[in-house]
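**Q**
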Amino acid sequence: MRFTKMLIPTVRETPSEATAESHKLMLRAGYVRQLAAGLYIYLPLGWRVLSRINRILREEMDAIGAQEVSMPVLQPAEVWQQTGRWFDIKEEMFRLKDRGGRDMCLGMTHEETMTWLASREIRSYRQLPQVWYQIQTKLRDEARPKSGILRTREFLMKDSYSFDASAEGLEKSYKLHEDAYHRIFARCGLKFRQVESDTGMMGGAVAHEFMAPSPSGEDDIVFCAACGYQANSEIADSAPRALKPKPGGEEPYSDVHTPEKRTVEEVGRFLKEPAERFIKSILLIAAEGPVLALLRGDLQLHEKKLQRLIGPFRAAGKPEVADILGVEAGFIGPMGHDGVKIVADPVLKTGSYITGANRPHYHKRGVRADAHFRADWHDIHVAAKGDGCPRCGSALAVEKAIEIGNIFQLGTKYSAALNAVFLNESGNEEPLIMGSYGIGPARIAAAVIEQSHDKDGIIWPEAIAPFDVEVIPLAGDDPEVENAARVIYGELVRNGIEALIDDRDLRAGVKLKDADLIGIPKQIIVGQRNLREGLVELKDRRTRESRLIRPGETQDALKPRE
RNA sequence: CGGGGCGUAGCGCAGUCCGGCUAGCGCACCUGCUUUGGGAGCAGGGGGUCGGAGGUUCAAAUCCUCUCGCCCCGACCA
Numbered sequence: 000m001r002f003t004k005m006l007i008p009t010v011r012e013t014p015s016e017a018t019a020e021s022h023k024l025m026l027r028a029g030y031v032r033q034l035a036a037g038l039y040i041y042l043p044l045g046w047r048v049l050s051r052i053n054r055i056l057r058e059e060m061d062a063i064g065a066q067e068v069s070m071p072v073l074q075p076a077e078v079w080q081q082t083g084r085w086f087d088i089k090e091e092m093f094r095l096k097d098r099g100g101r102d103m104c105l106g107m108t109h110e111e112t113m114t115w116l117a118s119r120e121i122r123s124y125r126q127l128p129q130v131w132y133q134i135q136t137k138l139r140d141e142a143r144p145k146s147g148i149l150r151t152r153e154f155l156m157k158d159s160y161s162f163d164a165s166a167e168g169l170e171k172s173y174k175l176h177e178d179a180y181h182r183i184f185a186r187c188g189l190k191f192r193q194v195e196s197d198t199g200m201m202g203g204a205v206a207h208e209f210m211a212p213s214p215s216g217e218d219d220i221v222f223c224a225a226c227g228y229q230a231n232s233e234i235a236d237s238a239p240r241a242l243k244p245k246p247g248g249e250e251p252y253s254d255v256h257t258p259e260k261r262t263v264e265e266v267g268r269f270l271k272e273p274a275e276r277f278i279k280s281i282l283l284i285a286a287e288g289p290v291l292a293l294l295r296g297d298l299q300l301h302e303k304k305l306q307r308l309i310g311p312f313r314a315a316g317k318p319e320v321a322d323i324l325g326v327e328a329g330f331i332g333p334m335g336h337d338g339v340k341i342v343a344d345p346v347l348k349t350g351s352y353i354t355g356a357n358r359p360h361y362h363k364r365g366v367r368a369d370a371h372f373r374a375d376w377h378d379i380h381v382a383a384k385g386d387g388c389p390r391c392g393s394a395l396a397v398e399k400a401i402e403i404g405n406i407f408q409l410g411t412k413y414s415a416a417l418n419a420v421f422l423n424e425s426g427n428e429e430p431l432i433m434g435s436y437g438i439g440p441a442r443i444a445a446a447v448i449e450q451s452h453d454k455d456g457i458i459w460p461e462a463i464a465p466f467d468v469e470v471i472p473l474a475g476d477d478p479e480v481e482n483a484a485r486v487i488y489g490e491l492v493r494n495g496i497e498a499l500i501d502d503r504d505l506r507a508g509v510k511l512k513d514a515d516l517i518g519i520p521k522q523i524i525v526g527q528r529n530l531r532e533g534l535v536e537l538k539d540r541r542t543r544e545s546r547l548i549r550p551g552e553t554q555d556a557l558k559p560r561e
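When we follow numbering that gives the first Met the number 0, the leftmost residue of the first sequence carries the number 0, and every step to the right adds one.
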């Protein structure tokens, strides 16, 4: 491809709205343009990258026996009403009516339509398993699109769905996807981790996410270098560091005067005690009534973990605290609130603590679980760096990551709702057992850039670069240089190498800067100086190492991909 | 949805507090000459409903009201 025939609008200055590194570079290097919040145009270079990623996706999905199909983006409300998600999902679903007044929506995922298809076409266990996938646009009216193409309202997604006759079959389909995902992300040149994840509103029992570590990521992942435990912080267990035993043994259960000292920090400073000697009591209002959450003073409440236990909740206001617990906020303790459900983090099972005395301006010392309060024990704290691994006890690490893929064991949630059943060997009707598996190609591209760039631009891995090599003639008005470059370019193309030739009539510096920005992994630089010696320069974008070769050797120097 | 920031030429910005010549600068773009291995120099030139609407005023990019859009933090994220 010739540079002058291709729309590659590079810009020197970074548009001010971009903050994520991948976003800045994709704009500057002419890969994407923004139409509106969360809506992006993929320019020729960007689209080539996505196409290459999608080709890898197809190869690996086909290799595990998955079959590509195409589903409507516009969907009738009925199937979504049958699974209940028409009502569960709120503003995030784009809804509209057709001219006949029928409720419709734009597909944000395709469990419903895939299951609908299965309900009509699958009859017998003999047809199973089936795995269907598509690479298609999804639409979600995101509350907050952000970070360039990392979180958009319209995005491409590879989603596949497995249908099995048994739990063992689902396990097998799940494992096939797991392995395929490892190959896909490795081929794309990503550093990634597979972590245990929340099943969320997808339902089902088992789920994993594939995470690419990056400071632009929206998720925190927790992992143990010693035993390999890896989980999204939304579900990660951890053992917070243990308390040092109080010198002088157990404190007696006693009141202490703490005038006007309400927060753990204030009381801690006043009593000269560290935060971990406190019980933090947080009153929340759930659908079924008030819940008192108890944590050690140095730990953070993990709202997602608690929500899984008690459903959606909100913080209680000051008047509600006084009303429900009979004491001003700031002096709450877990003792003696018989009518209120109490959920406590297990770290509080041992040791004695300081907490509110349930009367203004007083706290209690020597408060111990069971002796002074009872609770339901559940892990509700945020796992932090340095906490103990739940499996082996070693110190955990935490890092930010971009979710690039996920896999769910759905079970029969959708098949039961849509009556997608089959006859088993005994002739009995059973619901299909499903899994669903997603990958975001644009997120792969962005995550790769996040992980692979330098101050001058993008550094593409060979497998997903928009071109294999860029031929850069310098001094374009020298016919010999121009001719030599054209010959090299023609040879490369004939040998099946995807090449871009920068045939623009521009100064050397501009072309070289643009080449680094665009990030094609190999550059062949043709200049007067070297050409006089019968040589051209082959340069590696990543290492910046270059060597001089003869123009006729370029095809050999660049092995064709794969 | 809560909090914050920003809308002035294609891009990056100044000017806005404290109203007042024809709205400016850099990059990009066009013409000419010179230059040509890491974002060239000189000279000339084109390009603006100052996000939009209403208001105050002799006079509004600037003050007031409303509104739209974009970004960031949080909530949300099937």
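Backbone N, C-alpha and C define an ideal beta-carbon position, used for all residues, glycine too.
What three-state label does DSSP hand GLU259 in the structure shown?
**A** Looking up residue 259 in the first sequence gives position 260. GLU259 falls in the coil class under three-state DSSP.
**Q** Counting only the same chain and skipping the five closest in sequence on each side, list residues whose C-beta sits under 7 Å from that of GLN450.
**A** On the first sequence, residue 450 is found 451 positions in, with the first residue counted as 1. Cβ within range, chain order: LEU189, LYS190, ALA211 and SER213.
**Q** Please state whether DSSP places GLU398 in a helix, a strand or coil.
**A** Counted from its first residue, the first sequence places residue 398 at position 399. In the three-state scheme derived from DSSP, where H, G and I count as helix and E and B as strand, GLU398 is classed as strand.
**Q** Helix, strand or coil for ASN529, going by three-state DSSP, please let me know.
**A** Looking up residue 529 in the first sequence gives position 530. Looking at ASN529 - three-state DSSP - the assignment turns out to be helix.
**Q** Give me the Cα-Cα distance between VAL68 and TRP131, rounded to the nearest whole angstrom.
**A** Taking the first residue of the first sequence as position 1, residue 68 is located at position 69. Taking the first residue of the first sequence as position 1, residue 131 is located at position 132. Cα to Cα, VAL68 sits roughly 7 Å from TRP131.
**Q** Give me, in chain order, the residues of the same chain whose beta-carbon lies closer than 6 Å to that of LEU534; leave out the 5 immediate sequence neighbours on both sides.
**A** Taking the first residue of the first sequence as 1, we reach residue 534 at position 535. The residues are LEU547.
**Q** With 16 as the cutoff for other CB atoms within 10 Å, does ASP386 come out buried or exposed?
**A** Start at 1 with the first residue of the first sequence, and residue 386 comes out as number 387. ASP386 should be labelled buried.
**Q** Using alpha carbons as the reference points, say which of ARG143, PRO289 and THR349 lies closest to LYS243.
**A** Start at 1 with the first residue of the first sequence, and residue 243 comes out as number 244. Nearest option by C-alpha distance: THR349.
**Q** Between the alpha carbons of GLU398 and ARG192, how many angstroms are there, rounded?
**A** On the first sequence, residue 398 is found 399 positions in, with the first residue counted as 1. On the first sequence, residue 192 is found 193 positions in, with the first residue counted as 1. Computed Cα separation, rounded: 11 Å.
**Q** Inspect the beta-carbon positions of VAL480 and GLN527 and report whether they are closer than 7 Å.
**A** Here residue 480 corresponds to residue number 481 of the first sequence, with the count starting at 1. Here residue 527 corresponds to residue number 528 of the first sequence, with the count starting at 1. Cβ distance < 7 Å, so VAL480 and GLN527 count as in contact.
**Q** Using only alpha-carbon positions, find the residue among PRO14, ALA19, ALA28 and VAL342 that is nearest to VAL509.
**A** Within the first sequence, residue 509 is the residue found at index 510, counting from 1. That would be ALA28, whose Cα lies nearest to the Cα of VAL509.
**Q** Which value, in whole angstroms, describes the spacing of the CA atoms of MET60 and GLN135?
**A** Indexing the first sequence from 1 puts residue 60 at position 61. Indexing the first sequence from 1 puts residue 135 at position 136. Looking at the two C-alpha atoms, the distance is approximately 14 Å.
**Q** Cutting at 7 Å between CB atoms, please list the residues of its own chain near GLU561, excluding the five before and the five after it.
**A** The sequence position of residue 561 within the first sequence is 562, counting from 1. Note that GLU561 scores a pLDDT of 47, beneath 50, so its modelled location is shaky and nothing firm can be said.
**Q** Assuming ASP344 and LEU294 form a contact by the criterion Cβ under 8 Å, report the distance between their Cβ atoms to the nearest whole angstrom.
**A** What you label residue 344 is simply residue 345 of the first sequence in a count that begins at 1. What you label residue 294 is simply residue 295 of the first sequence in a count that begins at 1. The distance from the Cβ of ASP344 to that of LEU294 is about 5 Å, consistent with a contact at the 8 Å cut-off.
**Q** I'd like to know whether the C-beta atoms of LEU49 and PRO440 end up nearer to each other than 7 Å.
**A** By 1-based counting over the first sequence, the position of residue 49 is 50. By 1-based counting over the first sequence, the position of residue 440 is 441. Between LEU49 and PRO440, the C-beta gap is smaller than 7 Å, which places the two residues in contact.
**Q** Can you grab the Cα-Cα spacing for the pair GLY227 / THR542, in whole Å?
**A** Here residue 227 refers to the residue found at position 228 of the first sequence. Here residue 542 refers to the residue found at position 543 of the first sequence. C-alpha separation (whole angstroms): 31 Å.
**Q** Looking at the unbroken alpha helix (DSSP H) that takes in LYS190, where does it start and where does it end?
**A** Position 191 of the first sequence, counting from 1, holds the residue named residue 190. Note, LYS190: premise wrong, no alpha helix (DSSP H); not H, not E.
**Q** Taking ASN405 as the reference, give the member of GLN80, GLU12, SER196 and THR114 with the closest Cα.
**A** Reading the first sequence from its first residue, position 406 is the one you call residue 405. For the residues GLN80, GLU12, SER196 and THR114, the minimum Cα distance to ASN405 belongs to SER196.
**Q** What does DSSP give as the partner residues of ALA274 in its beta bridges?
**A** Translated into positions along the first sequence, residue 274 becomes position 275. None; ALA274 has no bridge partner.
**Q** In three-state terms, what does DSSP make of HIS22?
**A** Here residue 22 refers to the residue found at position 23 when the first sequence is read from its first residue. Helix at HIS22.
**Q** Run the CB neighbour count on ARG531, radius 10 Å, all protein chains shown included, and call it buried at 16 or more, exposed below.
**A** Residue numbering aside, residue 531 sits at position 532 when the first sequence is read from its first letter. Label assigned to ARG531: exposed.
**Q** Measuring only the C-alpha atoms, how far is GLY147 from ILE463?
**A** In the first sequence, the residue the question calls residue 147 occupies position 148. In the first sequence, the residue the question calls residue 463 occupies position 464. If you take the alpha carbons of GLY147 and ILE463, they lie about 19 Å apart.
**Q** Give the single residue among GLY37, VAL10 and ALA36 whose Cα lies nearest to the Cα of LEU24.
**A** Position 25 of the first sequence, counted from the start, is the residue given in the question as residue 24. Of the listed residues, the one whose Cα sits closest to LEU24 is VAL10.
**Q** Going by the beta-carbon positions, is the gap between ALA292 and ILE284 smaller than 7 Å?
**A** Taking the first sequence and counting its residues from 1, one reaches residue 292 at position 293. Taking the first sequence and counting its residues from 1, one reaches residue 284 at position 285. No, they are not a contact pair.
**Q** Tell me GLN133's beta-bridge partners as DSSP assigns them.
**A** Translated into the one-based positions of the first sequence, residue 133 becomes position 134. BP columns for GLN133 point to ASP158.
**Q** Flag this pair as yes or no: are the beta carbons of ILE353 and PHE277 separated by less than 7 Å?
**A** For the purposes of this step, residue 353 is identified with residue 354 of the first sequence, where counting begins at 1. For the purposes of this step, residue 277 is identified with residue 278 of the first sequence, where counting begins at 1. Yes.
**Q** Following the continuous beta strand (DSSP E) through ALA314, name the residue where it begins and the one where it ends.
**A** As a first step, residue 314 must be located in the first sequence, where it is residue number 315. Segment 312-314, the beta strand (DSSP E) holding ALA314.
**Q** Spatial neighbours of ALA19 within its chain, please: CB distance less than 6 Å, with the 5 preceding and 5 following residues excluded, ordered by chain position.
**A** For the purposes of this step, residue 19 is identified with residue 20 of the first sequence, where counting begins at 1. Cβ within range, chain order: SER146, GLY147 and SER215.
**Q** With DSSP run on the structure shown, which of helix, strand or coil describes ARG91?
**A** The residue you call residue 91 lines up with position 92 of the first sequence. For the record, residue 91 in the displayed sequence is Glu; it is not Arg. In the structure shown, GLU91 sits in coil (DSSP, three-state: anything other than H, G, I, E or B).
**Q** Entirely within the segment 26-102 and at least 4 residues each: give me those alpha helix (DSSP H) ranges in chain order.
**A** 43-62, 76-82 and 84-87
**Q** Just reading off the alpha helix (DSSP H) that GLU208 is part of, what are its end residues?
**A** As a working note, residue 208 is residue 209 in the first sequence. That residue, GLU208, is in no alpha helix (DSSP H); its beta strand (DSSP E) goes 205-212.
**Q** Using the DSSP secondary-structure output, state which residues sit across from ASP375 in a beta bridge.
**A** Translated into the one-based positions of the first sequence, residue 375 becomes position 376. DSSP, once it has assigned bridges, lists VAL342 as partnering ASP375.
**Q** Contact between the segment 147-166 and the segment 117-132: three or more CB pairs below 8 Å?
**A** Yes: the two stretches touch, three or more of their Cβ pairs being nearer than 8 Å.
**Q** At which residues does the alpha helix (DSSP H) containing GLN450 begin and terminate?
**A** For the purposes of this step, residue 450 is taken as residue 451 along the first sequence, with counting starting at 1. Element bounds for GLN450: 440-450.
**Q** Quick one, are the C-beta atoms of HIS377 and LEU308 less than 7 Å apart?
**A** Locating residue 377 in the first sequence gives position 378, counting from the first residue. Locating residue 308 in the first sequence gives position 309, counting from the first residue. In this structure, LEU308 lies closer than 7 Å to HIS377 by Cβ.
**Q** Output the distance between the C-alpha atoms of VAL205 and THR198, rounded to the nearest integer angstrom.
**A** Against the first sequence, residue 205 aligns to sequence position 206. Against the first sequence, residue 198 aligns to sequence position 199. Between VAL205 and THR198, the C-alpha separation is close to 7 Å.
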